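Colleague:
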Amino acid sequence: MIKINNIRRNKIELFKRKLLVWGKSNFANFPWREANKPFYSLIVEILLQRTRAEQVVPVYRQFKKIFSSPRSLSNARLKSIEKLIYPLGLKWRAGKLIKLGSEIDKKHRGTIPLSMDDLLSLSGVGPYAAGAFLSLHCGVRSIIPDANMARILGRVFGFSVHAETRRDKNFLLLCDMVTPKRKFSQFNYAVLDHGRKVCLPKNPACISCPLDNICYYYKDKRKKNESVHRISPRYSITNRGN
Ligand code: SF4
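Count the sequence shown with my numbering and you get residues -15 to 226, in order.
1) So, at 7 Å on beta carbons, what are the nonlocal neighbours of residue 86 in its own chain, with the 5 sequence-adjacent residues on each side left out?
2) Collect the residues with a C-beta less than 6 Å away from any heavy atom of the ligand SF4 and give them in sequence order along the chain.
3) Following the continuous alpha helix (DSSP H) through residue 178, name the residue where it begins and the one where it ends.
4) Can you give me the start and stop residues for the alpha helix (DSSP H) that residue 23 sits inside?
5) So the candidates are 102, 48, 103 and 35; which of them puts its Cα closest to the Cα of residue 77?
6) Measuring only the C-alpha atoms, how far is residue 3 from residue 26?
7) Helix, strand or coil, according to DSSP, for residue 61 in the structure here?
8) Spell out a yes or no on whether the stretch 148 to 159 and the stretch 45 to 57 are touching, meaning 3 or more CB-CB pairs, one atom from each, closer than 8 Å.
9) If you scan the stretch 115 to 175 from start to end, which runs of the alpha helix (DSSP H) of 4 or more residues do you find wholly inside it?
10) Give the single residue among 93, 136, -10 and -15 whose Cα lies nearest to the Cα of residue 53.
11) Three-state secondary structure (DSSP) at residue 224?
12) For residue 101, which option in 83, 121, 80 and 126 has the closest C-alpha, if you only look at C-alpha atoms?
13) Whole-angstrom Cβ separation of residue 173 and residue -1, contact assumed at under 8 Å?
14) Is the separation between the beta-carbon of residue 129 and that of residue 142 shorter than 9 Å?
15) From residue 155 to residue 136, what does the alpha carbon distance come to, in whole angstroms?
16) Considering only their Cβ atoms, is the gap separating residue 210 from residue 120 smaller than 9 Å?
17) Which term fits residue 224, buried or exposed, when burial requires 16 or more other beta carbons within 10 angstroms of its beta carbon?
18) Taking residue 41 and residue 72 to be in contact with their CB atoms under 8 Å, please state how far apart those CB atoms are, rounded to whole angstroms.
The following block contains the structure:
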């Protein structure tokens, strides 16, 4: 259980600051992190759900070649989208993507809405994809309550993470407390990159982590004299998703 009142303010500030500094020199250059049409930025956040980022790169590039607008996506054949996203698994996303194209085309005249409520009403767009779209691509401050955020916060602040954590109101409040008012997109990128390179689901690389001296999990490991890991040059990729 997350006890917000027990969390020290200065630990939150250190958490923000250390991740921002780390993120600056560890930014991963994925093609969707460049300036882009909002249409592609929203689509990629759906493709990234529960999928390794490296796997998404060729699919994303291909998608951009084939579809130029929500309308062109809405006119696609289900089979062709299924084929396109086949390497990512989660075939159910194909139908949702076509429906999403149609909803944006018809209800929003081809323009991606910028309010959280409107985004959440779209097919296939959950709190993670909406938050990531707003924060990372539109300059609108938003939290990204995804698996990386849950794992890192759980380890640093010492609470257990389970399937319901990402819907827990105290967890969402903590996400809001740690997300800076400014530099929120840099911070959210840092969380994603840190969760992919350092604070891995299995064998986190605590010895290479900028959060080691404020991390509950790491301190506990050391107290018990359990081994901790260094970052691996070929790090694995964690899942993102709602
Ligand atoms: S010290 Fe280890 S467990 Fe804690 S945040 Fe860093 S990598 Fe994760």
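From the three backbone atoms N, C-alpha and C, an ideal C-beta is built for every residue, glycine too.
Quick caveat: nothing in here was measured; it's all calculated off a predicted structure.
Modeller: Result, derived from the coordinates:
1) Looking up residue 86 in the sequence shown gives position 102. Within the same chain, residue 86 has close Cβ partners 58.
2) Residues close to the ligand SF4 by the beta carbon criterion (under 6 Å to any non-hydrogen atom) are, from first to last along the chain, 136, 139, 140, 182, 183, 188, 189, 190, 193, 195, 196, 199, 201 and 202.
3) One-based indexing of the sequence shown puts residue 178 at position 194. For residue 178, the enclosing alpha helix (DSSP H) stretches over residues 168 to 181.
4) Within the sequence shown, the letter at position 39 stands for residue 23. Its alpha helix (DSSP H) spans residues 22 to 31.
5) By 1-based counting over the sequence shown, the position of residue 77 is 93. For residue 77, the nearest C-alpha among the options comes from 35.
6) Position 19 of the sequence shown, counted from the first residue, corresponds to residue 3. Position 42 of the sequence shown, counted from the first residue, corresponds to residue 26. One Cα belongs to residue 3, the other to residue 26, and the distance between them is close to 25 Å.
7) Here residue 61 is taken as the residue at index 77 of the sequence shown, counted from 1. If DSSP states are grouped into helix, strand and coil, residue 61 belongs with coil.
8) The count of Cβ pairs closer than 8 Å, one atom from the stretch 148 to 159 and one from the stretch 45 to 57, stays below three, leaving the stretches out of contact.
9) As far as the stretch 115 to 175 is concerned, its whole alpha helix (DSSP H) runs of at least 4 residues are 131 to 141 and 153 to 162.
10) In the sequence shown, counting from the first residue as 1, residue 53 sits at position 69. Taking only the C-alpha atoms, the option nearest residue 53 is 93.
11) On the sequence shown, position 240 is the one that residue 224 refers to. For residue 224, the predicted structure reports a pLDDT of 49, less than 50, and the residue's modelled location is therefore unreliable. The matter cannot be settled from this model.
12) Along the sequence shown, read from residue 1 onward, the residue named residue 101 stands at position 117. Nearest to residue 101 by C-alpha distance, out of 83, 121, 80 and 126, is 126.
13) In the sequence shown, residue 173 corresponds to position 189, counting from 1. In the sequence shown, residue -1 corresponds to position 15, counting from 1. The Cβ separation is near 15 Å, so there is no contact.
14) Counting from 1 along the sequence shown, the entry for residue 129 is found at position 145. Counting from 1 along the sequence shown, the entry for residue 142 is found at position 158. Not in contact: residue 129 and residue 142 (Cβ atoms no closer than 9 Å).
15) Along the sequence shown, read from residue 1 onward, the residue named residue 155 stands at position 171. Along the sequence shown, read from residue 1 onward, the residue named residue 136 stands at position 152. Each residue's alpha carbon lies about 12 Å from the other.
16) Start at 1 with the first residue of the sequence shown, and residue 120 comes out as number 136. Start at 1 with the first residue of the sequence shown, and residue 210 comes out as number 226. Not closer than 9 Å, so no.
17) For the purposes of this step, residue 224 is taken as the residue at position 240 of the sequence shown. Here residue 224 scores only 49 on pLDDT, less than 50, and its place in the model should not be relied on; the value that follows carries that caveat. Counting Cβ neighbours within 10 Å, residue 224 comes out buried, since at least 16 surround it.
18) Your numbering for residue 41 matches position 57 in the sequence shown. Your numbering for residue 72 matches position 88 in the sequence shown. For a cut-off of 8 Å, the C-beta gap from residue 41 to residue 72 is around 11 Å, too long to register as a contact.
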